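So the structure is just underneath, and the comments pick up after that.
Structure below.
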């Protein structure tokens, strides 16, 4: 029996989000081929296979379940935009190489197809933009030009933030919410069942409850991951919570990441069965502000 409800119609809310980091398999191919002694990972470098291009598959899955989600698109700097000294740091090769161009016609088509289909398109602030309002504003303007509409919220890449400064930057460039608050090392509510209002105004922060890689890395099997996911849903229902889930699109590739797609589908189905509202944060934001006195 729930202690309180999310609103008059639903027991709790499950916000679905996707960070669009790498829709193309690039440097990961030789890395996984060597790590797993499996040369099949190299196929994507020489064939037309695009194992991380999961837009249509994920849209079809959500369409089948009659839900929508938010997709946060990244406009990351390139490595050559960094100082030569930084070219020598291995971490920077991971951060700044193999990225996509948000203005590439194929990506533009995806962004507009999502918008036309009722999905939310949001901003995935680049790694260094967490304390660079000018850069963050630039990325928002470029994405809005691609989208042909305004962007209402987003999440910082790698959850990289400096608080409360990053939230202030988000608010000042016109975003209504941020979804960066959380950890990539743990999952759960930690007693936080509601959104945050860091400035006591209409700007809202959606804490991240669970990310797929963290869930799977800290459980022993797909079944164990599902048990934890269901436990979180039950906790959300018991507390009228707003739960936020992050699933990167590439993990919908069942061949490389078995179980990730299954858990995502079951999470949505179970949330609905428990009386939860399921959708993107922008729509949840509208519901929250509609009932705010």
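Residue numbers (my numbering): 10 to 302.
The beta carbon of each residue, even a glycine, is placed where N, CA and C say it ideally should be.
Bear in mind that the values here come from a model prediction, so they are computed numbers and not experimental data.
As computed with DSSP, residue 80 is found in a beta bridge with 27 and 130. Spatial neighbours of residue 202 in its own chain (CB-CB distance under 6 angstroms, excluding positions within 5 residues in sequence) are listed in chain order as 248 and 250. Pairing residue 206 with residue 27 gives a Cβ-Cβ distance that is not under 8 angstroms. In this chain, the beta strand (DSSP E) harbouring residue 254 covers 251-255. Contact check for residue 279 against residue 242 passes: the beta carbons are separated by less than 8 angstroms.
Counting along the chain, the unbroken beta strand (DSSP E) around residue 164 starts and ends at 162-165. A contact is defined here as three or more CB-CB pairs under 8 angstroms, and the stretch 65-74 fails this definition with respect to the stretch 134-154.
Residue 253 and residue 218 do touch by the CB rule: their CB atoms are close to 5 angstroms apart, below 8 angstroms.
Collapsing the DSSP output to three states places residue 286 in a strand. When secondary structure is reduced to three states using DSSP, residue 70 falls in the helix class.
In the three-state scheme derived from DSSP, where H, G and I count as helix and E and B as strand, residue 188 is classed as coil. Between the C-alpha atoms of residue 61 and residue 270 there is a straight-line separation of about 13 angstroms. Residue 146: member of the alpha helix (DSSP H) spanning 142-156, first to last residue.
Here residue 108 really is in contact with residue 85; their C-beta atoms are around 5 angstroms apart, less than 8 angstroms.
DSSP places residue 205 within a strand segment (E or B) once states are collapsed to three.
In the three-state reduction of the DSSP assignment, residue 21 falls in the strand class.
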